[in-house]
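Numbering (our numbering), first residue to last: 37 to 387.
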């Protein structure tokens, strides 16, 4: 189901890590990004490492202290985002932290799209040694924020600040508003609010369009507790072709239904007949497992399971027809990046 549109800037943001990149002149290897779901405004910062202190500093200094504490932050399930430091920051600021399910980043698709755009823009200006990307990044981020977006039809900078970003020509030939200053300011405020509402309506229309396309190609699927399922888990190994690799693993047993599109499952070991670690997966990664002997063994040893569709930690998942995996050619790396929910994989090696 589509994520509801927000009412004001930085009420909902998506945060993600991009890397690892070649070590820059500033010793940076990672990029952390934040995208606002209403204005599409993006914030970027280069990092020495992708650890909890670095990520928490970015969240506090670049998001909370400049734009206020967001109501909702959406991230993937990387270990850094599940650290106690990040948890405490969100608790103190009363932030609702929601995480995507593994190998299904569509819920945070806005951040994933910007990752691709940012990498493509960096590839156009990076030097031969690929060591100046952190110096270029602020400029390409500004270019992105001052470009008209396809979904909203407006510029992120304007939607956030209520004015256009001034360039060199604007400072050479300054523009003086006509009429009283107070009337002009009121006009700007009204125009900004109207533009934000327009952006919100266009976002809703785009989501409804995606929903119609998705519903036309998919049928509702429902699983009950104790059902056995296969789980789609993409595996990439250096030197091996992707096509022959095993992509479905299991069997897993459904523990409970968290929302219309998310389930909690647990792995079953047929040798020891014991249950392994539990996980939360999107229904699009699941398909029925049919084995009468296996079903009997699991039913005999399965613990009592209570279905709960109102779990407080259930994440909203988008059923829009976004790509399961966004593949793009990036001359910046001279390799093919496969952006999934938790990794950036390269043909030359896995980072």
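Glycine included, every Cβ here is placed at the ideal spot set by N, Cα and C.
Predicted model only: the values in this text are computed from it and were never measured.
Worksheet item: Any idea what DSSP makes of residue 321, helix, strand or coil?
Response: helix
Worksheet item: Does the ligand MG have even one heavy atom less than 7 Å from the beta-carbon of residue 145?
Response: Ligands in the displayed structure: none, and consequently the ligand MG is not present.
Item to complete: Count the other CB atoms, across all protein chains shown, that sit within 10 Å of the CB of residue 326; report buried if there are 16 or more and exposed otherwise.
Response: exposed
Practice prompt. Compute the Euclidean distance between the alpha carbons of residue 81 and residue 56, then round it to the nearest angstrom.
Written response: 14 Å
Discussion item. Tell me which residues share the same chain as residue 125 and place their Cβ nearer than 7 Å to its Cβ, disregarding the 5 neighbours each side in the sequence.
Written reply: 92, 95, 96
Practice prompt. For residue 167, I'd like the list of residues in its chain whose CB is within less than 6 Å of its CB, leaving aside the five on either flank, ordered along the chain.
Written response: 60, 61
Worksheet entry | Per DSSP, the bridge partner or partners of residue 79 | 70
Discussion item. Can you list, in chain order, the residues of its chain with a C-beta nearer than 8 Å to that of residue 236? Leave out the 5 residues immediately preceding and following it.
Written reply: 41, 42, 43, 74
Worksheet item: What are the residues that DSSP puts in a beta bridge with residue 111?
Response: 135
Worksheet item: Going by beta carbon distance, what residues of the same chain come within less than 6 Å of residue 133, once the five residues before and after it are set aside?
Response: 109, 126
Discussion item. If I measure Cβ to Cβ from residue 146 and keep anything under 8 Å in the same chain, skipping five residues before and after, which residues do I get?
Written reply: 50, 71, 73, 76
Worksheet entry | Residue span of the beta strand (DSSP E) that contains residue 48, given as start and end | 48-55
Practice prompt. Would you check if the distance between the CB atom of residue 67 and the CB atom of residue 79 is smaller than 8 Å?
Written response: no
Worksheet entry | Distance between residue 181 and residue 194 (C-alpha atoms, nearest Å) | 9 Å
Worksheet item: Going by alpha carbons, who is nearest to residue 88 out of 46, 118, 63, 203?
Response: 118
Discussion item. What does the Cβ neighbour count give for residue 312, buried or exposed, with the cut at 16 atoms within 10 Å?
Written reply: exposed
Fill in: Whole-angstrom distance between residue 105 and residue 99, CA atom to CA atom
7 Å
Discussion item. Can you give me the C-alpha to C-alpha distance between residue 183 and residue 293, rounded to a whole angstrom?
Written reply: 41 Å
Worksheet item: Can you tell which of 102, 64, 103, 259 has its C-alpha closest to the C-alpha of residue 85?
Response: 64
Worksheet item: If we count the other Cβ atoms within 10 Å of its Cβ and call it buried at 16 or more, is residue 130 buried or exposed?
Response: exposed
Worksheet item: What is the rounded straight-line gap between the Cα of residue 150 and the Cα of residue 176?
Response: 12 Å
Discussion item. Here's the rule I'm using: 16 or more other beta-carbon atoms within 10 Å means buried, otherwise exposed. How should residue 54 be labelled?
Written reply: buried
Worksheet item: Are residue 103 and residue 46 closer than 8 Å when you measure CB to CB?
Response: yes
Worksheet entry | Simplified DSSP assignment, three categories, for residue 45 | coil
Worksheet item: What's the C-alpha gap between residue 158 and residue 152?
Response: 10 Å
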